[in-house]
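Everything below concerns the one structure shown next.
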Amino acid sequence: MNKKRIAAGLLGACVGSFVSSLSQAQTLLQIDASAPAPAPQTGHLQLGSAVSPKGETLGANNQYLTRNGKPWLPVMGEFHYSRSPAESWEGELRKMKSAGITIVASYVIWNHHEEQEGQFIWSGNRDLRRFVQLASKIGLDVVVRIGPWAHAEARFGGIPDWVVAAMPTRGNDPQYLALVERLYGQIGQQLKGLMWKDGGHVIAIQLENEYNLNGPGQGAAHISKLKLLARQAGMDAPLYTVTGWDGTIYPSGEVTPVFGGYPDEPWGVSTTELPPKETYAFRFDSRVSGDLGAQTAATAPGTAETDIGLTPFLGAEYGAGLPAMYRRRTLVSADDIASMLPVQLGSGVNLMGYYMFHGGRNPLSVNGVNTLEESTLSGGYNDTPAINYDFNAPLGPDGQQRPVLNKLRPFHYFLQDFGPQLATMTVRKPASTPADAAELSTPRWSVRANGDSGFLFFNNHVRQYAMPAQKQIRFSVKLATETLQFPQQPVDIADGAYFIWPLNLDLGGTRLRYATVQPVARLDQGKDGLVYVFSAQAGIPVELGFYAASSTHISAPHARSQSLGDKLVLDQLQPGLDAALTIKRPGARPVTVLLLTPEQTQQLSIGELAGQRRLVLSAQDSHFAASGLDVLSAGAPSLRVAVFPALPKLPKSSLPLKPAARDGLFQVLAAEHAPSQLAAKVTQVREAQKAPPVMIGGLARAALQPIPESFKAAASWKIDLPDQALNGVDDMLLQIDFVGDIGRLFAGTKMLDDWYYNGQQWQIGLKGLKTKSPLNLKLNLNLSVLPLRADAPIYLPREARPDFKGEAQIAALRKIDLIPVYRWSLRPGAL
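Following numbering that gives the first Met the number 0 from start to finish, the sequence shown increments by one per residue and tops out at 830.
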């Protein structure tokens with residue numbers, strides 16, 4: 000190996016101003032992370048029963064959650080069971096677990112269960128008990144958000160019409176509380192035996208939502224009463240939460256707040272791009288991330304602000320997507336979402352919770368007419384689609400695995416393996432930070448540290464705004480007993496880059512001082528040793544720093560090695576599927592370091608396969624099934640996976656396996672599905688008529704969704720589907736590419752789905768549609784598109800704004816595609 004000694008003095012500690020000009024071309028970013036991490040405090044939070052029949056415990060101190068007395072940093076994703084077909088729940092929950100979700104959260108939307116007074120429905124798609132049982136079977140913990148007011152873009156926040164019409168809500172009115180007590184009793188029966196104290200997986204209950212009301216019978220007194228009613232109904236959980244934003248009010252110590260942040264404000268009234276959102280700026284002094292859309296106004300600072308030193312920083316509603324609302328139709332990219340993670344984790348979040356992680360569709364009312372969505376027609380603040388609740392989520396309403404999932408998974412796997420370590424680390428603030436969320440030139444970064452270990456968090460992505468490239472950057476991080484200065488070679492950090500880098504990370508007994516790659520996972524292979532997986536960042540050269548004493552144990556034949564006094568630097572490493580380096584220390588298990596490219600990292604899934612935790616790389620959508628691996632491919636019949644460690648035997652395969660091969664350390668398996676090449680027949684039935692002007696009004700005094708009579712102006716097309724559309728495939732996605740205001744899909748006169756045009760492709764799974772529609776899919780399927788007026792006072796993303804070509808309106812069907820979804824199942828066992 001090529002070795003080059005550089006004077007150790009070049010790496011000497013230097014603590015001074017934030018930016019030191021090392022040369023004309025280099026900038027040193029400095030941070031002091033040397034102060035001791037404060038000890039966690041207990042005793043303030045008085046929650047619920049936290050011990051299972053097996054003696055397992057859950058808890059919370061003022062800094063982090065604990066599981067069996069150890070720090071715990073889980074990942075939570077929202078999935079509304081009542082908005083998804085019950086027959087799909089198990090498979091969709093497995094997709095979530097495969098993506099690194101450890102807790103599933105779900106609202107119990109009251110009017111989905113008791114739309115008519117006294118007539119509760121807990122069956123079919125509304126079977127809460129079965130949903131929780133399936134999550135438990137799969138190994139997911141559950142947070143049940145019991146309302147009674149949920150919001151969730153449901154009419155009256157989910158409170159049934161007949162309740163809203165007859166009495167005051169969201170307070171301690173006796174008539175209202177009697178109905179809440181009955182609702183909670185019903186939910187308690189659904190969850191009986193499933194609580195943590197009973198050996199089940201329900202670990203938390205959320206009370207109300209976005210609650211900042213105060214006055215007689217409201218405020219903290221109401222939350223206390225709801226908690227009492229929940230416990231009396233049998234919902235005794237280790238954790239009780241409330242949402243912590245927009246001046247929330249709750250009884251301190253009885254619940255813990257959870258927080259969130261979204262990359263845009265679809266509930267807003269602006270018809271232009273918003274200023275840069277603070278979701279992309281590190282938080283050092285507060286937890287509430289701007290306007291999160293509470294529909295009531297606070298009258299004073301909330302409890303969450305005064306409780307900041309008493310409760311852990313937990314997340315529940317970091318937007319994994321955004322909803323479509325009539326007046327503001329946002330569209331987010333995968334990077335818009337994933338870049339929030341280093342920011343939130345680097346700001347101290349110790350539970351990464353998403354809303355929504357899985358999209359859905361609103362159920363029909365019991366009379367099959369209403370769809371129970373939030374709308375201005377029923378007095379709501381927002382207009383939302385009647386049926387569709389896609390939310391641009393990582394998993395679509397029909398289980399589509401969206402590109403954002405590829406960007407999120409590596410962070411989730413990082414939290415699975417390094418989260419307990421991160422949870423105890425304190426946020427450290429650079430001496431210079433951006434003046435505000437709109438200031439884009441100052442580097443955005445932080446460190447979380449405890450003693451001499453830590454992680455560095457960096458974000459250079461802000462949605463819809465170009466960020467300056469940070470040129471020739473090095474970092475200086477002062478820890479408890481040493482100062483790390485790195486990398487040896489300055490790096491350029493491009494617009495759009497975001498990452499997490501380790502500081503003094505233990506690799507099975509060998510200390511990795513720093514790395515310009517992101518830790519992803521740690522696999523314990525027993526006697527075969529440990530495997531650490533890292534991901535390179537595009538455009539940033541790989542550099543690993545060790546102590547020189549480790550050099551005799553490290554083998555990195557394809558790297559350049561530089562000895563710098565008592566330091567060892569490895570660079571010129573090329574990511575790939577072979578071992579980047581190995582470490583063999585006397586008396587310790589061997590360590591293998593895998594270094595993946597960004598593209599490989601985005602193909603990575605990690606889960607249990609053939610009795611062992613394994614890495615799976617696939618350009619298709621893979622997830623771990625009950626006893627194996629399922630690979631889904633939308634459109635492409637060629638399927639391929641690379642597995643590490645290799646399976647001991649070739650698996651049983653639902654398709655003929657191609658000859659097995661190797662790619663570095665990975666075993667490669669491939670198969671070919673018989674292609675499906677079907678098309679829908681589309682015939683225009685009606686041309687668009689002149690659409691009426693968009694009205695202004697409602698509580699928001701903004702654009703209102705057109706009244707029902709306006710849809711007589713819609714253009715219409717008849718869609719004939721081939722009889723064999725679902726033959727031989729897992730599903731068939733009907734993809735509708737239109738330009739207009741609102742699209743609606745009907746079977747006869749029954750509306751099946753609807754969509755606000757925003758530039759995103761509208762997809763409907765025929766498998767679910769066939770179940771939903773009593774009619775044969777071949778008959779009476781009609782699409783209507785209401786024209787979008789050129790003068791409509793609504794927000795559309797730049798890339799989605801149509802060219803009206805001088806016309807007053809547009810209603811065009813560009814294309815309808817049938818996209819087959821192929822399934823390939825691999826199960827352990829000899830062929």
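Ideal Cβ positions, reconstructed from N, Cα and C, are used throughout, including at glycine.
Keep in mind the model is a prediction, meaning the values are calculated, not measured.
Secondary structure of residue i, DSSP reduced to three states
i      : result
LEU572 : coil
ILE499 : strand
LEU774 : Bear in mind that the predicted position of LEU774 carries a pLDDT of just 49, short of 50, making it too unreliable to give a figure here.
LYS191 : coil
ILE492 : strand
SER675 : coil
SER550 : helix
LYS196 : helix
ARG661 : strand
TYR833 : The structure shown does not extend to residue 833, since the chain is modelled only from 0 through 830, so no value can be given for it.
Residue i: first and last residue of the uninterrupted alpha helix (DSSP H) it sits in
i      : result
SER97  : 88-97
MET355 : Neither: MET355 is in no alpha helix (DSSP H) and is coded neither H nor E.
ASN405 : 402-422
ALA164 : 160-165
SER223 : 218-231
TRP109 : 109-112
VAL894 : Because the chain here runs from 0 to 830, residue 894 falls outside it and cannot be looked at.
PRO341 : 339-345
ILE137 : 127-137
ALA303 : 302-305
Classification of residue i by the beta-carbon crowding that lies within 10 angstroms, buried from 16 upward
i      : result
ILE336 : buried
VAL640 : buried
GLY15  : Only weak support exists for where GLY15 lies, its pLDDT of 31 falling under 50; the coordinates are left without a value.
SER51  : buried
LEU44  : buried
TRP823 : buried
ASP491 : exposed
SER346 : buried
ASN211 : buried
ARG813 : exposed
GLU113 : buried
ALA609 : buried
LEU46  : buried
ASN387 : buried
Beta-carbon proximity of residue i to residue j, cut-off 9 Å
i      : j      : result
PHE456 : SER440 : no
TYR546 : VAL592 : no
GLY308 : LEU350 : no
PRO396 : ALA323 : no
ASP577 : ALA558 : no
PRO362 : LEU371 : yes
ILE30  : SER475 : yes
LEU825 : LYS648 : no
ARG326 : PRO792 : yes
ALA807 : ASP790 : yes
ARG443 : MET424 : no
Continuous beta strand (DSSP E) stretch holding residue i: start and end
i      : result
SER824 : 811-826
GLN599 : Premise fails: GLN599 lies in the alpha helix (DSSP H), 597-600, not in any beta strand (DSSP E).
ARG443 : 443-449
VAL640 : 637-643
PHE456 : 452-458
ASN781 : 780-785
MET234 : Note, MET234: premise wrong, no beta strand (DSSP E); not H, not E.
Practice task
For the region 402-419 and the region 96-112, state whether three or more C-beta atom pairs, one from each stretch, are separated by less than 8 Å.
Solution key: Segments in contact, yes.
Practice task
Inspect the CB distances between the region 349-359 and the region 313-320 and report whether three or more fall short of 8 Å.
Solution key: The count of Cβ pairs closer than 8 Å, one atom from the region 349-359 and one from the region 313-320, reaches three, so the stretches are in contact.
Practice task
Decide yes or no for the touch test of the region 698-713 against the region 780-790: beta carbon pairs closer than 8 Å, at least 3 of them.
Solution key: At 8 Å Cβ cutoff, the stretches touch.
Practice task
For the region 691-700 and the region 645-663, state whether three or more C-beta atom pairs, one from each stretch, are separated by less than 8 Å.
Solution key: In this structure the region 691-700 does not touch the region 645-663; the number of beta carbon pairs closer than 8 Å is below three.
Exercise for the section: Could you say if the region 571-586 and the region 546-555 meet the contact criterion of at least three C-beta pairs nearer than 8 Å? Expected result: With the rule of 3 Cβ pairs closer than 8 Å, the region 571-586 counts as touching the region 546-555.
Practice task
Count the CB pairs spanning the region 181-192 and the region 212-232 that are closer than 8 Å, and state whether there are at least three.
Solution key: At 8 Å Cβ cutoff, the stretches touch.
Practice task
Flag this pair as touching only if the region 584-603 and the region 57-66 have three or more C-beta atom pairs under 8 Å; answer yes or no.
Solution key: In short, these stretches do not touch, since the Cβ pair count stays below three.
Problem - Given 8 Å, three or more beta-carbon pairs between the region 461-481 and the region 489-509 - result: Yes: the two stretches touch, three or more of their Cβ pairs being nearer than 8 Å.
Exercise for the section: Determine, using beta-carbon pairs with one atom in the region 164-180 and one in the region 203-222, whether at least three such pairs fall under 8 Å. Expected result: The region 164-180, when compared against the region 203-222, does touch it at the 8 Å Cβ threshold.
Practice task
Report yes or no: do three or more beta-carbon pairs, one from the region 153-167 and one from the region 84-98, lie closer than 8 Å?
Solution key: Fewer than three Cβ pairs drawn from the region 153-167 and the region 84-98 lie within less than 8 Å of each other, which leaves the two stretches out of contact.
Practice task
Could you tell me whether the region 696-704 touches the region 663-679, using the rule of 3 or more Cβ pairs below 8 Å?
Solution key: Proximity of the region 696-704 to the region 663-679 falls short of the contact definition, fewer than three beta-carbon pairs being nearer than 8 Å.
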